[in-house]
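Read the structure below first, then the notes.
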Amino acid sequence: ICKPESGSRHSPCLAYVGVTSQRNSTFTLLYSVDESTAPTRLRDAVALAVAQPTAGDYKYYSFAVGDAAAGEGASPGEPVLSPFTISVRPSSGDPDVYVLGPVPSSALDSGLRPDRNKTCDGFVAGGQPEADCYTHRSTGSAGELVSITPDASECWSASNSSCVYIIGVYSFSPTQYTITASSDEATELLFPNTASLNILRGETHKKYRFRVSADERLRVLLTPFAGNPDLSARFG
1 ICKPESGSRH SPCLAYVGVT SQRNSTFTLL YSVDESTAPT RLRDAVALAV AQPTAGDYKY
61 YSFAVGDAAA GEGASPGEPV LSPFTISVRP SSGDPDVYVL GPVPSSALDS GLRPDRNKTC
121 DGFVAGGQPE ADCYTHRSTG SAGELVSITP DASECWSASN SSCVYIIGVY SFSPTQYTIT
181 ASSDEATELL FPNTASLNIL RGETHKKYRF RVSADERLRV LLTPFAGNPD LSARFG
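Printed below as a string of structure tokens:
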């Protein structure tokens with residue numbers, strides 16, 4: 001039912017729904033997707049707000065790096081890979097993060113389905129990242145952060161022509177959170193009063209952006225938990 005406008009077959013399309021009532025009405029509106037469909041694709045440095053109201057539930061996402069992120073028609077040759085960080089910032093509850101990858105790009109076409117009886121040895125067809133099957137994880141109680149440096153020898157091989165990572169977020173308790181996957185080269189969009197949790201590797205820098213009006217007073221606060229990061233800013 002979805003015909004993406006862009007060249008990539010994994011690009012989302014926009015759906016519209018309308019609600020009409022001839023009397024005063026009170027209602028809720030919810031949409032969901034079939035669990036057999038591909039995981040939600042994360043765009044580089046674009047935050048996604050999510051609610052998982054049921055404890056013990058998983059939600060799945062995918063993030064592509066290098067040529068895989070460029071979609072179909074990407075130029076062949078030596079891949080350009082950038083380290084990236086997966087950040088999950090809860091506003092309530094306790095989410096945990098499990099990552100499996102890199103996985104074959106065909107996984108995005110066929111969809112991922114739970115298989116509780118599988119053994120986890122890297123990626124297996126039909127598998128999903130979960131508490132007993134992952135390549136990276138973060139299970140703290142005050143926000144999750146996973147830093148990954150892709151390996152070209154794993155991403156571009158005879159059986160795996162792209163570099164895609166599958167992310168599973170487990171709701172240890174009912175939770176609301178914001179998830180962001182951001183490569184080191186991307187400029188991340190900040191939101192007011194919402195802290196961005198990140199890892200900065202030595203001798204590197206990370207850029208951010210946010211919207212501000214000419215008559216607004218603002219404060220930019222950098223809080224280091226480790227290391228000695230420096231802050232610079234430009235307006236206009």
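With my numbering, you'll find the sequence shown wraps up at 236, consecutive numbering, no jumps.
Positions of the beta carbon are idealized from the N, C-alpha and C atoms, including for glycine.
Could you pull the start and end residues of the beta strand (DSSP E) that residue i belongs to?
i: E154; result: Segment A152 to C155 is the alpha helix (DSSP H) holding E154; no beta strand (DSSP E) there.
i: K206; result: K206 -> no beta strand (DSSP E), and no H or E assigned at all.
i: F191; result: Premise fails: F191 is in no beta strand (DSSP E) and is neither H nor E.
i: G168; result: C163 to S171
i: Q176; result: T175 to S183
i: D96; result: P95 to V103
i: E144; result: E144 to I148
i: V50; result: L48 to Q52
Quick one: using the 10 Å Cβ neighbour count with 16 as the cut-off for buried, is residue i buried or exposed?
i: S62; result: buried
i: L42; result: buried
i: D96; result: buried
i: V88; result: buried
i: S25; result: exposed
Rounded to whole angstroms, how far is the Cβ of residue i from the Cβ of residue j, which I believe are closer than 8 Å?
i: A233; j: V220; result: 6 Å
i: Q52; j: P174; result: 7 Å
i: L100; j: T135; result: 6 Å
i: L30; j: V19; result: With 8 Å as the limit, L30 and V19 do not qualify as a contact, their Cβ atoms being about 12 Å apart.
i: P192; j: G143; result: P192 to G143, Cβ: 18 Å. No contact.
Short of 7 Å in beta carbon distance, which residues of its chain neighbour residue i, apart from the five on each side in sequence? Order them along the chain.
i: P39; result: Y60, Y61, S62, L112 and I166
i: S92; result: T175 and Q176
Ignore the nearest five residues each way along the sequence and tell me which others in residue i's own chain have a CB closer than 6 Å to its CB.
i: F235; result: none
i: P150; result: V65, L81 and C163
i: A240; result: Only positions 1 to 236 of the chain appear in this structure, which leaves residue 240 out of reach.
i: F172; result: D94 and D96
i: L222; result: L231
Please report how far the alpha carbon of residue i lies from the alpha carbon of residue j, in whole angstroms.
i: G56; j: G168; result: 12 Å
i: E188; j: T194; result: 13 Å
i: A181; j: P229; result: 21 Å
i: G202; j: A15; result: 43 Å
i: R217; j: A47; result: 24 Å
i: Q128; j: R137; result: 13 Å
i: T178; j: L200; result: 20 Å
i: S208; j: P224; result: In the sequence on display, residue 208 carries Tyr and not Ser. Distance between the alpha carbons of Y208 and P224 is about 16 Å.
i: S153; j: P102; result: 11 Å
i: C155; j: N198; result: 24 Å
i: T85; j: T54; result: 26 Å
i: E130; j: L145; result: 16 Å
i: G227; j: F210; result: 24 Å
i: C133; j: A214; result: 49 Å
i: L231; j: K206; result: 10 Å
i: Y98; j: V17; result: 33 Å
For residue i, I'd like the list of residues in its chain whose CB is within less than 8 Å of its CB, leaving aside the five on either flank, ordered along the chain.
i: S141; result: D94
i: P83; result: S147, I148, T149, P150, S183, D184 and R201
i: T50; result: According to the sequence provided, residue 50 is Val. The question's Thr does not apply to it. K59, V169, Q176, Y177, T178 and I179.
i: T204; result: D184
i: S190; result: Residue identity differs from the one stated: residue 190 is Leu in this sequence, not Ser. Answer for L190: S196, Y208, R209 and F210, listed in chain order.
i: N117; result: Bear in mind that the predicted position of N117 carries a pLDDT of just 39, short of 50, making it too unreliable to give a figure here.
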